[in-house]
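Structure first, then comments.
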Amino acid sequence: MNHTFDITIKNRDIFYHFLETIPLELLNKVPAGFNNNIFWNIKHTVVTQQALVYGLSGLPLHVSNDDVQGYKKGTKPEGDITQDDVDLCKNQLHALIKKTEEDWNNGLFTNYKEYTVTTKTTLSSAKEAIEFNNFHEGIHLGYVLALKRVLGI
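Have a look at this one:
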């Protein structure tokens, strides 16, 4: 699992860089033809990782219920985010993956409620959810790169 967590961290490094370097105004911008913005895509990966790994394992999530409601599948930005929102997300990007790795190494994930994702892949364990999460985050990295191109950044 070390390699799997390493992939996640490297993707989160890219997301972190975007949050550090893209102006708040552009993080909030939803271009024509898109449903979401750069920030939503990044925060959505944070929330989804927690839901897929912790939630389906019957464990408490390390994100707020407001975050879950605002960034779960099927949502879209309902207003502009602030620099405080960006700063929180920057902190969550790495801290929550490190926490997941620690919890994995400590054997915390003993139960799992089977779940079929949009791509029709059925997740049957936390291990599968952690592995699938990298695929999911890659999709959203692609969205962010497309948004950056459309926004001219």
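The number in my numbering is simply the position in the sequence shown, starting from 1, with 28 added. Every residue gets a Cβ at the ideal spot worked out from N, C-alpha and C, and that includes glycine. Bear in mind that the values here come from a model prediction, so they are computed numbers and not experimental data.
Can you tell me the Cβ-Cβ gap for residue i and residue j, rounded? I've got them flagged as a contact below 8 Å.
i, j, result
"residue 67", "residue 121", "Actually they are not in contact, since the Cβ atoms of residue 67 and residue 121 sit about 12 Å apart, beyond 8 Å."
"residue 96", "residue 87", "Actually they are not in contact, since the Cβ atoms of residue 96 and residue 87 sit about 14 Å apart, beyond 8 Å."
"residue 151", "residue 160", "6 Å"
Here's the rule I'm using: 16 or more other beta-carbon atoms within 10 Å means buried, otherwise exposed. How should residue i be labelled?
i, result
"residue 70", "buried"
"residue 72", "buried"
"residue 178", "exposed"
Grouping DSSP H, G and I as helix and E and B as strand, with all else coil, what is residue i?
i, result
"residue 89", "coil"
"residue 44", "helix"
"residue 179", "helix"
If you follow the alpha helix (DSSP H) that residue i is part of, which residue opens it and which one closes it?
i, result
"residue 121", "111–133"
Can you tell me the Cα-Cα spacing of residue i and residue j, whole angstroms?
i, j, result
"residue 105", "residue 98", "7 Å"
"residue 36", "residue 125", "8 Å"
"residue 48", "residue 153", "34 Å"
"residue 79", "residue 103", "15 Å"
"residue 130", "residue 33", "11 Å"
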